[in-house]
Amino acid sequence: MPVGRAKFAVILLSVSLACTVPPLLAKKRDKTPPSAGDQRRALHALNRLTFGPRPGDVKRVMTIGVDKWIDLQLHPEKIDDSALDARLEPFRTTRMSTKELAESFPDGQEINQVMNGKKPMPSDAALRMVYQVQIDRQQERKERLQEAAKNTNPVAAPAEGATMASGAAPDADHSATNAAMNHGATGNDTAADTNTGTTTDTSETTAVTALPAKLTPEQQDPARRREDQLYADLDLQRLASIPPEQRFKKILSMSPTAQLAFADSLRGGKGQEFLEGVPLKQKEILLAMNNPAGVVTGELTQAKLLRAIYSERQLEEVMTDFWFNHFNVFVDKGVDRLLITSYERDVIRPRALGKFEDLLVATAKSPAMLFYLDNWLSVGPNSPQAMGIPPHPYGPHGRPYPPRRPNQGKRPSGLNENYGRELLELHTLSVNGGYSQRDVTEVAKVFTGWTIDTPYQGGGFKFDPRMHEPGPKFVLGHRIKPKGEGEGLELLHRLATSPQTAHFISLKLAERFVSDDPPPALVDHLAKTFLKKKGDIREVLEALFHSPEFWDDGTYRDKVKTPLEFVASAVRATGAEVDDALPLIRQLNNMGMPLYGAQPPTGYSMKAETWVSSSALLNRMNFALALSNGKIKGVKVDVAQLAGSNPPNPPPDSTRTLAALEVSLLDGDVSKQTHDSITAQIDAAATNGAQQKQDKKTGARKPVDASRPPDVNTIAGLLLGSPEFQRR
Amino acid sequence: MSITRRVFLRNSALAVVGTAAVPSFLARAAMGAAQPGTRNKRLVVIFQRGAADGLNIVVPHGEAQYYAMRPTINIPRKSVLDLDGFFGLHPSLAPFQPLWQQRQLAIVHAAGSPDPSRSHFDAQDFMEAGTPGVKATEDGWLNRALRKLPQPSQKSAFEAIAMGPSIPRILSGVEPAIAINNINDFSVGGRNPKASPVANTFESMYDHSLDTVLQGTGEETFDAVKMLKSADPSKYKPAPGADYPKGRFGDSLRQLAQLIKANLGVQVAFADIGGWDHHVNEGATEGQIANVLHDFSQSIAAFWTDLGDLGEDTVVVTMSEFGRTARENGNRGTDHGHANVMFVLGGPVKGGEVYGRWPGLDQSQLYEGRDLALTTDFRQVLGEAVARHMGNKNLNEVFPGYDNQPGKFLRLLG
């Protein structure tokens, strides 16, 4: 390694001499050997532009040249990512359209439609089975509620959800596939969009508003039901003995009761023995029987984590995460469960390094955002729909309408300010952007009519003139002439090109890439670039990555990793092979950062104060130890190889192992405190060991664990849990 | 709700006087309160994140305007749990009814932050910093409240705790505070009471680290881990009748009660509950708000039952960043508003009364023509708890820039 490093240093020296060296770094280089400086520069770039360096990455970046590598990352289309694509191949739903998803993985609303006879059962037998289980479960739930209502006084337990909150409810549609979503959901389209800073843990309430009261004969007869249950259990037991490729067919032929029992057996991530070896598509259907939307969100979360770990287009993934978080939507708000796949894939990722205005418009029109911030329901108070005027082609603007009718129908008939406010506060101007409550209301009027065509069937954006508030709007001192959908586009253009927006976006980028409290001069410089380059995100990032502030000594390892960054970087650092990402996703839930699970529109914080706490540190240390000891299921780690002690090499002593791992996991830059602490444990073990040998002769015994020197895995765990690995 | 000594004494005190307005000295005498400072006083703050709809929580059912402005989401007069002929509890707050009747629960209506912001983020930030309108405040008021407590009893790592994965704004600051998500996972390298070698190594690493942020947190963490191991709070099971609902909030309060019962020296604690931002289909006696209110009140009532006699030294205060529009919006929900309702529960609370001046709901009485106006600053309520219950008289430091004269207190603590 030292030889190799020296060689690279020579190569790099010539490369960096050829290009302009940032002044601060040049200064630094006077003091330190050039190789160390360049290596540190490569490491810093990797720390900031990626989810952490993998073994060998620093060398690779040094070989290419740091600046050239940054430029490459800014142009992800030039980077081959076919290995990642192959990894993502099994996650079929990540490539499906929302319409396909809605059909194959029906939301509670879809099930209601079928139950209420508004839609027919699907003709496909497999799909019918999925629907039937959901319908049976709704029936069961209804019965239980009726039961509960009978047994409690009418005041205390009137509401379905109330009963559920007290623990009487089934864990409903939450399966292991969707482990990320264990923080619960508010099921139907009415879910809260709270700016909570925490996620709620309410039970699933995929509410059924109108259920057919009639029960099937078998449901009315408890004896018969018990008997059915018995046969269903028997069927289930036999299932495991059938070859995996025949199980699907068998389940398809079982009675509805047995199918329900099968679906129930998958609850909470159980029943994996039935699924092992079953062909992929069949497995998906079987999982969907238990939790349709869970299949979609489960695959989505796994794909996200795998992208963070394995994509070669790291900056694109970092920026996709950044923008998703900026334009946050919450996966457990009703049908957003099915909409987020397309939102990230079709709205965010393709524009992650594009023009801000394109991104803003695309999010404004995305069903996921329209649903999350309720805009799809917002209706102008003087719109044809609110006035109760029967549908007719959109008339001339400003036309006087007859007096308003009291709102009797079920249809929404008024403004909803939710999107208007967050658009100004979180997406563009920022909270200090100089707008008033009146502006918020006017913005809400501008966006009336921006709605979703059949949200539960996977429809797209639709401008509905009947919902649109007529007349001019006055936003931030500007008059917006009535022109239907065009009003919103005009406003979005104004917001996207506003200096306040430029400043806010620049600040957030600097917070992500430089420090929690970035220098104002840098933010100003970026904001100027943003305005000059018409919101070209790639240009702004380029300016950022070439700013002296980015390369300042003080920024090196200054950012505390978020849980996602920590988990992904630990897996990357160890070069681990992830066969199953779900256990890692559960770790993120534990650490308070479930993927796609930020309930408030602010998204997750990028700052240290949020992520440094007792709970968090303990979780990280425990995760580090579990990962390096191979105790995270589905993740294979070969620490011995990292330490260079694979057979036929003899296992080196602990001190040499430590030195080797310090290089491979932290690029050799480890604090004296961390190094000495681990060394102390090694030494203590050696002393104890010697002591114990002596004690053995005298018959006294020492606890075993204190005498064993920490093995290679534990040393790796200690390094991954060290203070320096918490930063990037 | 089992009858505790406190309740018994409280009721006998009432019996002596025969009126709701028991003089505080008499109540204290009847309760046989110990000398101030010899016992561990506790303040528990609960944040309803997302802006709870105070008008549908403590319902002004005596206001005709209320029903006029909320045609589809009002709580009908026949459904409210009447308190005093004018206000009534949402039916999902049934678990609060006995607490009210036993005069342990007080209500402050039309209370909150005077800042006009309707941004969740800013308004929560202001209320946690304790300085509405001032963004530069670096620490939270609950942390500052700890600073000058009269008798710093022996230092405990559990003095200030937040139930959750991270330290919230309200508890951040120079006083050590810990975040605890799950007391069973709060250790390194297994739950063996004997410290494991890896735990020692991690401790040494963090103790000596030059990284001040991580060093400080690390130190607090390892102190807490050791204390927790020796106190073993998991052996304290919920008291009979303390039925915590399933879910995050119930879990938080259940574990908080365990920490308090394990005598870990908890002085201030924080828990939060989300799910209040009902822009669409808020519901009325049933539906979204009913569900979250049930979780909220059942958890708090269970916590109270669970604390038993320890409740005598405990005050629980609830707050939310702002209220919601007095009128329902076009989607059978409500948008961001202004003043809200606060609950105050505890041993020294003079409960069974709605405090604060009711501003009314006529158009001319509404704030900016749309929201419930504010008549009680939340700092008045919290200031009283900090000064009179916790015994920290330095309110100028806890709530800088706010003239928190004791004369302004609502005197809801006995």
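Going line by line, the protein sequences match chains A and B.
Letter by letter, the first sequence follows residues -18 to 709 of this note's numbering.
Letter by letter, the second sequence follows residues -11 to 402 of this note's numbering.
Glycine residues also receive a C-beta, built at the ideal position from the N, C-alpha and C atoms.
This one's a predicted model, so the numbers in the text were calculated from it and none came from an experiment.
Span of the beta strand (DSSP E), counted from its first residue to its last, around residue 313 (chain B) = Counting along the chain, residue 313 (chain B) sits inside no beta strand (DSSP E), nor does DSSP assign it H or E at all.
So which of A:448, A:445, A:469, A:212 has the shortest CA-CA distance to residue 454 (chain A)?
-> Per the Cα distances, A:469.
Taking any Cβ of chain A, which residues in the stretch 186 to 216 of chain B have a Cβ under 8 Å from it, in chain order?
-> Listed in sequence order: 186, 188, 189, 190, 192, 193, 194, 196, 197, 198, 199, 201, 202, 203, 205, 206, 208, 209, 212, 213.
Run through DSSP, which three-state label would residue 151 (chain B) get?
-> Strand, per DSSP.
Bridge partners - residue 331 (chain B), DSSP secondary structure assignment = Answer is B:95.
Just the chain B side, please: which residues come within less than 9 Å of residue 355 (chain A) by C-beta, in chain order?
-> The contacting residues are 267, 268, 319, 321.
Residue 476 (chain A) and residue 409 (chain A): beta carbons closer than 7 Å?
-> Yes, the Cβ-Cβ distance between residue 476 (chain A) and residue 409 (chain A) is below 7 Å.
Looking at chain B, which residues of the stretch 568 to 600 of chain A have a Cβ within less than 7 Å of any of its Cβ atoms?
-> Result list: 572, 573, 580, 581, 583, 589, 590, 591, 592, 593, 594, 595, 596, 597, 598, 599.
Helix, strand or coil at residue 167 (chain B) according to DSSP, with G and I counted as helix | If DSSP states are grouped into helix, strand and coil, residue 167 (chain B) belongs with the strands.
Show which residues of chain A have a CB atom less than 8 Å away from the CB atom of residue 218 (chain B).
-> Scanning chain A for C-beta atoms nearer than 8 Å to the C-beta of residue 218 (chain B) yields nothing, as the closest lies near 17 Å away.
Could you tell me which of A:489, A:399, A:447 sits nearest to residue 363 (chain A), measuring between CA atoms?
-> Ranking A:489, A:399, A:447 by Cα distance to residue 363 (chain A) puts A:447 first.
Cβ separation of residue 33 (chain A) and residue 554 (chain A), assumed to be a contact under 8 Å, to the nearest whole Å | Indeed they touch by this definition, with Cβ atoms about 6 Å apart.
Are residue 128 (chain B) and residue 100 (chain B) touching if we call contact CB-CB under 7 Å?
-> For residue 128 (chain B) and residue 100 (chain B), no; Cβs fall outside 7 Å.
Classify residue 102 (chain A) as helix, strand or coil using the three-state DSSP reduction.
-> If DSSP states are grouped into helix, strand and coil, residue 102 (chain A) belongs with coil.
Assign residue 263 (chain B) to one of three DSSP states: helix, strand, or coil.
-> For residue 263 (chain B), the secondary structure class from DSSP, reduced to helix, strand or coil, is coil.
Which first and last residues belong to the alpha helix (DSSP H) in which residue 262 (chain A) is found?
-> Its alpha helix (DSSP H) spans residues 261 to 271.
Contact set between residue 160 (chain B) and chain A, taken where Cβ atoms lie within less than 9 Å = The answer, in chain order, is 590.
Listed in chain order, which residues of the stretch 326 to 360 of chain A have Cβ atoms closer than 8 Å to some Cβ of chain B?
-> So the close ones are 355, 358, 359, 360.
Where residue 643 (chain A) sits in the DSSP three-state scheme = Annotated three-state conformation of residue 643 (chain A) is helix, per DSSP.
For residue 154 (chain B) and chain A, any beta-carbon pair shorter than 7 Å?
-> Interface residue (Cβ-Cβ distance to chain A less than 7 Å): residue 154 (chain B) is classified as such.
Beta bridge counterpart(s) of residue 308 (chain B) as assigned by DSSP = In the DSSP assignment, residue 308 (chain B) forms a beta bridge with B:36.
Kindly indicate the opening and closing residues of the beta strand (DSSP E) around residue 431 (chain A).
-> Element bounds for residue 431 (chain A): 431 to 433.
In this structure, what does DSSP give as the bridge partners for residue 48 (chain B)?
-> Residue pairing by DSSP places residue 48 (chain B) opposite B:75 in a beta bridge.
When the Cα atoms are used, what is the spatial distance from residue 465 (chain A) to residue 486 (chain A)?
-> Roughly 28 Å separates the two Cα atoms.
Delimiting residues of the alpha helix (DSSP H) encompassing residue 460 (chain A) = Here residue 460 (chain A) belongs to no alpha helix (DSSP H); instead the beta strand (DSSP E) covers 459 to 461.
Spatial distance of residue 704 (chain A) from residue 284 (chain A) (CA atoms) | Each residue's alpha carbon lies about 29 Å from the other.
Examine chain B for any beta-carbon lying closer than 7 Å to the beta-carbon of residue 660 (chain A), and answer yes or no.
-> Residue-level contact by beta carbon fails for residue 660 (chain A) and chain B, as no gap is shorter than 7 Å.
Between the CA atoms of residue 123 (chain B) and residue 380 (chain B) - distance to the nearest angstrom = Distance between the alpha carbons of residue 380 (chain B) and residue 123 (chain B) is about 24 Å.
Select from A:317, A:426, A:529 the residue whose C-alpha is nearest the C-alpha of residue 580 (chain A).
-> Here the closest residue by C-alpha is A:317.
Give the single residue among A:287, A:235, A:637 whose Cα lies nearest to the Cα of residue 209 (chain A).
-> Taking only the C-alpha atoms, the option nearest residue 209 (chain A) is A:235.
Do residue 259 (chain B) and residue 34 (chain B) have their C-beta atoms within less than 7 Å of each other?
-> Contact: yes.
Listed from N- to C-terminal order along the chain, which residues in the stretch 91 to 111 of chain B have their beta-carbon within a distance smaller than 7 Å of any beta-carbon of chain A?
-> Flagged, chain order: 106, 107, 108, 109, 110.
Are the C-beta atoms of residue 24 (chain A) and some chain B residue less than 7 Å apart?
-> Not one chain B Cβ lies under 7 Å of residue 24 (chain A).
List in chain order: all unbroken alpha helix (DSSP H) runs of 4+ residues lying wholly within the stretch 194 to 232 of chain B.
-> For secondary structure counted as the alpha helix (DSSP H) over 4 or more consecutive residues, the stretch 194 to 232 of chain B holds these complete runs in sequence order: 200 to 219.
Write down the C-beta distance between residue 350 (chain B) and residue 313 (chain B) rounded to the nearest angstrom, noting that I regard them as a contact closer than 8 Å.
-> That pair is no contact at about 15 Å.
Sorted by chain position, which residues of the same chain lie with C-beta nearer than 6 Å to residue 121 (chain B)'s C-beta, five sequence neighbours on each side aside?
-> A distance below 6 Å between beta-carbons, with the five flanking residues on each side excluded, links residue 121 (chain B) to the following residues of its chain, in chain order: 103.
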